[in-house]
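Quick mapping for you: the protein sequence lines, in order, are chains F and Z.
So in our numbering, spot 37 of the first sequence is number 37, and the numbers just go up one at a time.
So in our numbering, spot 23 of the second sequence is number 1023, and the numbers just go up one at a time.
Written out below as structure tokens is the structure these notes cover.
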Amino acid sequence: DVKVTQSSRYLVKRTGEKVFLECVQDMDHENMFWYRQDPGLGLRLIYFSYDVKMKEKGDIPEGYSVSREKKERFSLILESASTNQTSMYLCASGGGLGQGTFYEQYFGPGTRLTVT
Amino acid sequence: AQTVTQSQPEMSVQEAETVTLSCTYDTSENNYYLFWYKQPPSRQMILVIRQEAYKQQNATENRFSVNFQKAAKSFSLKISDSQLGDTAMYFCAFMTVNTGNQFYFGTGTSLTVIP
Chain F
1 DVKVTQSSRY
11 LVKRTGEKVF
21 LECVQDMDHE
31 NMFWYRQDPG
41 LGLRLIYFSY
51 DVKMKEKGDI
61 PEGYSVSREK
71 KERFSLILES
81 ASTNQTSMYL
91 CASGGGLGQG
101 TFYEQYFGPG
111 TRLTVT
Chain Z
1001 AQTVTQSQPE
1011 MSVQEAETVT
1021 LSCTYDTSEN
1031 NYYLFWYKQP
1041 PSRQMILVIR
1051 QEAYKQQNAT
1061 ENRFSVNFQK
1071 AAKSFSLKIS
1081 DSQLGDTAMY
1091 FCAFMTVNTG
1101 NQFYFGTGTS
1111 LTVIP
């Protein structure tokens, strides 16, 4: 079974702090994604990566950055946390073209971040 | 622009009954995939069912089936013999290969199965 893990289930940070959220997948997937989930808004894509050291902006990249130094690990960074970044953050991974998959994404358990 | 619309924010169904969740999408692409995901309360999001757009036959997975109407850009999920464990948020999503496997999600439908 595919396993996607996230470093924390719950996190409380103060305004202005630098926050790191880490995601690890064990299926050698090429693609990894960071989403933000808010009630009534569904899942919104922050950043995604289709290869090591590659990154692409999603729909709401402002205030976030990412890092992918190894294939299995994709980190989301909040450079200076703000209260409007209080949310549930979901990481996902999925196979790329040529990996013989149906492209579905596999999700981690989520990190509920509260910024006070 | 790629968009996904789930027009039913909340639904409920009696245990053992059948319920249909609606989803419409908009894309100019021809090669895409459609998915329904389930997110139980405080639990991980999991894939329920997927449909390749080039396939005319509707996908089924046990009690879950879809009604895929490509011309109408509609992709509804039918849950038969509803069980208490089906209580969850359901998200419709689609992905076009030409956009780097990026998924587009709807806003979700919260389904409650009533005993």
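All residues carry an ideal CB built from backbone N, CA and C; glycine is no exception.
Taking residue 1081 of chain Z as the centre and dropping the five residues before and after it, the same chain places the C-beta of 1016, 1063 closer than 7 Å to its C-beta, in chain order. Taking all protein chains in view, the Cβ of residue 1068 of chain Z is crowded by 16 or more other Cβ atoms within 10 Å, so the residue is classified as buried. Inclusion of residue 67 of chain F and residue 16 of chain F in the CB contact set at 8 Å is not warranted, their separation being larger than that value. For residue 1018 of chain Z, no pairing in a beta bridge is given by DSSP. Residue-level contact check: residue 74 of chain F does not touch chain Z, since none of the beta carbons of chain Z fall below 8 Å from its beta carbon.
A residue is called buried once 16 or more other Cβ atoms fall within 10 Å of its Cβ, and residue 12 of chain F, having fewer, is exposed.
For residue 1047 of chain Z, the closest Cβ of chain F is nearer than 8 Å. Residue 1010 of chain Z is positioned such that its CB atom lies no closer than 8 Å to that of residue 1076 of chain Z.
For residue 112 of chain F, the enclosing beta strand (DSSP E) has its first and last residue at 111-115.
Boundaries of the beta strand (DSSP E) harbouring residue 1090 of chain Z: 1088-1096, taken from the DSSP string. Chain-order list of chain Z residues neighbouring residue 90 of chain F: 1045, by C-beta distance under 8 Å. Cβ-Cβ distances below 6 Å link residue 10 of chain F to 112 in the same chain, with the five nearest sequence neighbours on each side left out; the list follows chain order. CA-CA distance, residue 3 of chain F to residue 1028 of chain Z, rounds to 33 Å. Scanning the stretch 7-48 of chain F from its first residue to its last, the whole beta strand (DSSP E) runs of 3-plus residues come out as 10-13, 19-25, 31-38.
Per DSSP, the unbroken beta strand (DSSP E) holding residue 1078 of chain Z starts and ends at 1074-1079. Counting along the chain, residue 88 of chain F sits inside the beta strand (DSSP E) bounded by residues 87-94. At a cut-off of 8 Å, the C-beta of residue 105 of chain F has a neighbouring C-beta in chain Z. Nearest to residue 110 of chain F by alpha-carbon distance, out of Z:1012, Z:1040, Z:1007, Z:1020, is Z:1040.
A Cβ-Cβ separation of about 6 Å places residue 44 of chain F in contact with residue 35 of chain F under the 8 Å criterion.
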